[in-house]
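These notes are about the structure you will find just below.
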Amino acid sequence: MSELSKNFIPTEIENKWYQHWLQKGYFNSVPDKREPYTIVMPPPNVTGVLHMGHCLNNTIQDILIRRARMQGKNACWVPGTDHASIATEAKVVAMLREKGIAKSSLSREKFLEYAWEWKEKYGGIILEQLKKLGCSVDWNRTSFTMDDDYYQSVILVFIDLYKKGYIYRGQRMIHWDVKAKTALSDEEVIRKETHQKLYYIRYAINNGAATNEYITIATVRPETIMGDVAICVHPNDERYKHLHGKTVFVPLIHREIPIITDEYVAMDFGTGALKITPAHDANDYALGIKHNLPVIDILNDDGTLNELAQIGVGLDRFEARKLLVEKLTEANHIVKVEDYTSEVGYSERTDAVVEPRLSLQWWVKMKELAVPALQAVMENDIAFHPAKFKNLYNHWMSNIKDWCISRQLWWGHRIPAWYDASGNYAVAATAEEALIELQKNNPQLTLQQIHQDEDCLDTWFSSWLWPFEVFKGLSQPNNADVQYYYPTNTLVTAPEIIFFWVARMIMAGYEFMNQLPFKNVYFTGIVRDKLGRKMSKSLGNSPDLLALIDTYGADAVRFGIMIASPAGNDILFDEASLEQGRNFNNKIWNALKLVKLWEVRITDNEINTNDTTFALQWFENRLAQVQQEVEYLMQQFKLSEALKVIYSLIWDDFCSWYLEWVKPGFEQPISKKVYTKTVEYFDALLQLLHPYMPFITEEIYHQLANRNSDLCVKLMLPILQHNQKVLEEGELLKQVITAIREARVKNNIKPKDAIELFVETTNAQVFSNIQYLISKQVNASSFQIVNNTIANSIVVAVETHKLYIVSTVAIDNTALKENLLKDLAYQKNFLQSVEKKLNNEKFVQNASPAVVAMEQKKKADALARIQTIEESLKSLQ
Numbered sequence: 003m004s005e006l007s008k009n010f011i012p013t014e015i016e017n018k019w020y021q022h023w024l025q026k027g028y029f030n031s032v033p034d035k036r037e038p039y040t041i042v043m044p045p046p047n048v049t050g051v052l053h054m055g056h057c058l059n060n061t062i063q064d065i066l067i068r069r070a071r072m073q074g075k076n077a078c079w080v081p082g083t084d085h086a087s088i089a090t091e092a093k094v095v096a097m098l099r100e101k102g103i104a105k106s107s108l109s110r111e112k113f114l115e116y117a118w119e120w121k122e123k124y125g126g127i128i129l130e131q132l133k134k135l136g137c138s139v140d141w142n143r144t145s146f147t148m149d150d151d152y153y154q155s156v157i158l159v160f161i162d163l164y165k166k167g168y169i170y171r172g173q174r175m176i177h178w179d180v181k182a183k184t185a186l187s188d189e190e191v192i193r194k195e196t197h198q199k200l201y202y203i204r205y206a207i208n209n210g211a212a213t214n215e216y217i218t219i220a221t222v223r224p225e226t227i228m229g230d231v232a233i234c235v236h237p238n239d240e241r242y243k244h245l246h247g248k249t250v251f252v253p254l255i256h257r258e259i260p261i262i263t264d265e266y267v268a269m270d271f272g273t274g275a276l277k278i279t280p281a282h283d284a285n286d287y288a289l290g291i292k293h294n295l296p297v298i299d300i301l302n303d304d305g306t307l308n309e310l311a312q313i314g315v316g317l318d319r320f321e322a323r324k325l326l327v328e329k330l331t332e333a334n335h336i337v338k339v340e341d342y343t344s345e346v347g348y349s350e351r352t353d354a355v356v357e358p359r360l361s362l363q364w365w366v367k368m369k370e371l372a373v374p375a376l377q378a379v380m381e382n383d384i385a386f387h388p389a390k391f392k393n394l395y396n397h398w399m400s401n402i403k404d405w406c407i408s409r410q411l412w413w414g415h416r417i418p419a420w421y422d423a424s425g426n427y428a429v430a431a432t433a434e435e436a437l438i439e440l441q442k443n444n445p446q447l448t449l450q451q452i453h454q455d456e457d458c459l460d461t462w463f464s465s466w467l468w469p470f471e472v473f474k475g476l477s478q479p480n481n482a483d484v485q486y487y488y489p490t491n492t493l494v495t496a497p498e499i500i501f502f503w504v505a506r507m508i509m510a511g512y513e514f515m516n517q518l519p520f521k522n523v524y525f526t527g528i529v530r531d532k533l534g535r536k537m538s539k540s541l542g543n544s545p546d547l548l549a550l551i552d553t554y555g556a557d558a559v560r561f562g563i564m565i566a567s568p569a570g571n572d573i574l575f576d577e578a579s580l581e582q583g584r585n586f587n588n589k590i591w592n593a594l595k596l597v598k599l600w601e602v603r604i605t606d607n608e609i610n611t612n613d614t615t616f617a618l619q620w621f622e623n624r625l626a627q628v629q630q631e632v633e634y635l636m637q638q639f640k641l642s643e644a645l646k647v648i649y650s651l652i653w654d655d656f657c658s659w660y661l662e663w664v665k666p667g668f669e670q671p672i673s674k675k676v677y678t679k680t681v682e683y684f685d686a687l688l689q690l691l692h693p694y695m696p697f698i699t700e701e702i703y704h705q706l707a708n709r710n711s712d713l714c715v716k717l718m719l720p721i722l723q724h725n726q727k728v729l730e731e732g733e734l735l736k737q738v739i740t741a742i743r744e745a746r747v748k749n750n751i752k753p754k755d756a757i758e759l760f761v762e763t764t765n766a767q768v769f770s771n772i773q774y775l776i777s778k779q780v781n782a783s784s785f786q787i788v789n790n791t792i793a794n795s796i797v798v799a800v801e802t803h804k805l806y807i808v809s810t811v812a813i814d815n816t817a818l819k820e821n822l823l824k825d826l827a828y829q830k831n832f833l834q835s836v837e838k839k840l841n842n843e844k845f846v847q848n849a850s851p852a853v854v855a856m857e858q859k860k861k862a863d864a865l866a867r868i869q870t871i872e873e874s875l876k877s878l879q
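Numbers in my numbering are just positions in the sequence shown, counted from 1, shifted up by 2.
So, in structure tokens, the structure goes:
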């Protein structure tokens, strides 16, 4: 092996090992007799570049997949990208604009040529970037939601659902994105608290010649008054009963509209009178249907006013609002203006304020499809981690609405419907098949006389097939891959797409594969900055992930994001956690260098083996204890907690304690047994850590010894039972060493100055096991177990044991007494808090027996410690 550098330098080894793993084909998977463990990657948009959210999501997936691989399972992690209709089309349109080309000047075919060209150039960037993170995905299985087979499956699903009566075409109120010029589903609209103005506008009552009576309405959208078709009041509102059946004039355009009554109106909100604009409000539309009112749509698809508006034609809706307010003010129609805050819908993709719009679209009926998908989660056939998201899922699925699936875009899966000149249509996979259907009513119809629907399908309509179609489950039914890998094991995703994607994949799984798509769903939190703000480009608080990897190394970045990431909870990202990860790298690296120094000092003579026997026993049991704990935590999907346990085991137990206990003296030999065991323990630690930090663990594994195999695919060691008694003795050993060291410092006894150590205890046996290590670690020239107090000594209390330190250095009894009194006060306060818990009947009744037993042990330990300290204080009188 090459000479070890002072610190671990990740840039030198990350690419080396990733390429090595790829060349060995470790990430590739084919069906065999092993148990499969399958994860499908949530496909990032082809427009995407790696950010902190991707870092968290893919690190979690890699941890799960690497661990499964080391457990001997056939681990298969399928990567891929989503065509992302709205986002990608916007990117292509922007690219064309820079070239001076307008989308409107192009044919659909020419535009799609540019789109595919853009996709080939930029669409795979994010997948390449995932390699820098160390993601062990099967690159041979990379999928794209517009691959030919995938495309055909999407079309077949549309036709299938249409034939079953689930898909229909209808004119309904939808959410319209004026920037992307497309319909949106309910889930693609983000509700945000928005500061607005509430305008009180008066409408003149038509009283024949007398026009001096008015009715006032309150609205935040004065630009829509030209689309008003009625004023509505509650039938029991005394203020307006005399106006029932009368008409008013729309301000500025003087169009006459009726006053109608409906119990829908809240008498105590605003003025109790509503303007009804069916084309621009979902509730108004419902009232319009009920009262047979006309619809006047005054907006173009880009959010500008059309000719029906009469005023402000061609202006953007918000510019038109300013103009209307000016004109209404001049005409004395505005009574007052108030500040007003309410939730406004914004496009999830473009952040434009969405417009309610009456539109002819394609829809999926969802209520029946949702039934098995809801049952699967509520009965835990599919487990959510954390389980709290079941309630959110239940609420949405129980109140599910029909899904608007058509989008007014060119990039995507084109809707398989063909129309004749009269508007009759047929749904089919090809124009030829559609023609046969249409000819049933018009035998003379030709292929040239029909045309395909211009719209594309919602991106989520393709990605809901992802878990099975990446294995060609629909395009090649019952093939070997889908039979082996499906259903998949774990989905790792963000809770904000629980409706967009998770729920719909479960529905699709049951509808098209007759079974669930995955067994577990791990919900990550949102990565936020230190101030709690969601990371975004606009705020400038989203760090460059690739730059962080270059600075700290992939392992440190993975560590930093995971150490603060309990499932389902938001992460307050702080670069200090990456610094902690880098320090951890260096700690392990320094441990390697220390062990490698001993390699040339190995002797076959079994020197001092009895002296280090306890150290070996203790660490072996501590390792077994942590292996059990990590196994339990991983089964519970508590990945962050598991990392903390592993981190403590390596940093504290192995590096700070074990290596110090077995370290030979200056230029002294080390027994072969101790060295061999130390390397074995180091290997076991690297195995535990590898899924989290793959690069440094693989490198150290090969630096420790000449290896014929790689850690990446080394099977996990069997988990052994641990001896609790040995662990308790180990904890006592650490406490004793720490207490004596602190006493030395407080009494100015230098490390080189030897001390004599006496122990007064009722358990001499436990100290006989750890006597050598205590003496070695605290520089004690002698160690004796006694039954009496030692005069002129420093007294240290540890649990029920009293330690007497005798030194040639003058002892300050005053300082010692002060420290004991502080410790006594602390122990009494601690005892009081524990007793308070145990005296609380509610706590004792509701807590598990194990928790109550733990609190009782704390009480017993505190009482014993108080007694020891009090006896120690008496000896200082």
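Glycine included, each C-beta is placed from N, C-alpha and C at the ideal position.
Here DSSP, grouped into helix, strand and coil, assigns GLN847 to helix. Here the alpha carbon of ASN841 sits roughly 20 angstroms from the alpha carbon of ILE868.
Residue ASN771 holds the alpha-carbon nearest to the alpha-carbon of GLU733 among GLU130, PRO253, ASN771, LYS165.
For THR343, the secondary structure class from DSSP, reduced to helix, strand or coil, is strand. Distance from MET380 to ALA505 at the Cβ level is roughly 12 angstroms; contact not present, criterion being Cβ atoms closer than 8 angstroms. In the structure shown, the three-state DSSP call for ARG99 is helix.
Between VAL523 and the set ILE508, THR791, PRO720, the nearest pair of CA atoms involves ILE508.
ASP318 has THR306 as its beta-bridge partners, per DSSP.
Fewer than three beta-carbon pairs drawn from the region 380 to 389 and the region 412 to 428 are found closer than 8 angstroms, and the two stretches are therefore not classed as touching. Under the criterion of beta carbons closer than 8 angstroms, ARG351 and ALA96 do not qualify as touching, at roughly 14 angstroms. PHE470: not part of any beta strand (DSSP E); member of the alpha helix (DSSP H) spanning 468 to 471, first to last residue. Membership of THR196 in the beta strand (DSSP E) is indicated by the continuous run 191 to 207. For ILE261, the secondary structure class from DSSP, reduced to helix, strand or coil, is strand.
Distance from the CA of ILE417 to the CA of ARG193, rounded to the nearest whole angstrom, comes to 29 angstroms. Look at LYS75 here: in three-state DSSP terms it is coil, with no helix or strand label. For the 8 angstroms CB-CB criterion, GLN198 and SER349 do not form a contact. By the criterion of at least three beta-carbon pairs nearer than 8 angstroms, the region 27 to 44 is in contact with the region 77 to 88.
In the three-state scheme derived from DSSP, where H, G and I count as helix and E and B as strand, PRO45 is classed as coil.
In the DSSP assignment, the residues bridged to GLN454 are TRP420. Between HIS244 and ILE278, the alpha-carbon positions lie close to 20 angstroms from each other. Uninterrupted beta strand (DSSP E) stretches at least 3 residues long and entirely within the region 322 to 390 occur at 336 to 349, 357 to 366, 385 to 387, given in chain order. The beta-carbon separation of ALA556 and PHE697, rounded to 6 angstroms, stays under the 8 angstroms limit for a contact. For TYR634, the number of other beta carbons within 10 angstroms of its own is below 16, and it is reported as exposed. Using a C-beta cut-off of 8 angstroms, the region 545 to 564 makes contact with the region 680 to 699, since at least three inter-stretch Cβ pairs fall below that distance. Distances from the CA of VAL780 to each of THR331, ASN444, LYS754, LEU719 were compared; the closest alpha carbon is that of LYS754. When the five nearest sequence neighbours on each side are left out, the beta carbons in the same chain lying within less than 7 angstroms of the beta carbon of ARG110 are those of TRP412, in order along the chain.
The residues ASN771, ILE772, LEU775, in chain order, have a CB closer than 7 angstroms to that of PHE616 in the same chain once the five nearest residues on each side in sequence are set aside. Between ILE648 and LEU690, the C-beta spacing is below 8 angstroms.
The beta carbon of LYS860 lies closer than 6 angstroms to those of VAL836 in the same chain, with the five residues before and after it left out.
When secondary structure is reduced to three states using DSSP, PRO696 falls in the helix class.
Residue state for CYS657 is assigned as helix, using DSSP reduced to three classes.
Along the region 605 to 643, the alpha helix (DSSP H) occurs as fully enclosed runs of 4 or more residues at 611 to 637, listed in sequence order. Within its own chain, the residues whose Cβ lies closer than 7 angstroms to the Cβ of LYS134, once the five positions on either side in sequence are excluded, are LEU548, ILE551, ALA556, listed in chain order.
For MET564, no beta strand (DSSP E) encloses it; the enclosing alpha helix (DSSP H) starts and ends at 556 to 564. The beta carbon of ARG99 sits closer than 6 angstroms to none of the beta carbons in its chain outside the five residues before and after it. The beta carbon of ASN142 sits closer than 6 angstroms to the beta carbons of ASN30 from its chain, once the five residues preceding and following it are set aside; these are given in chain order.
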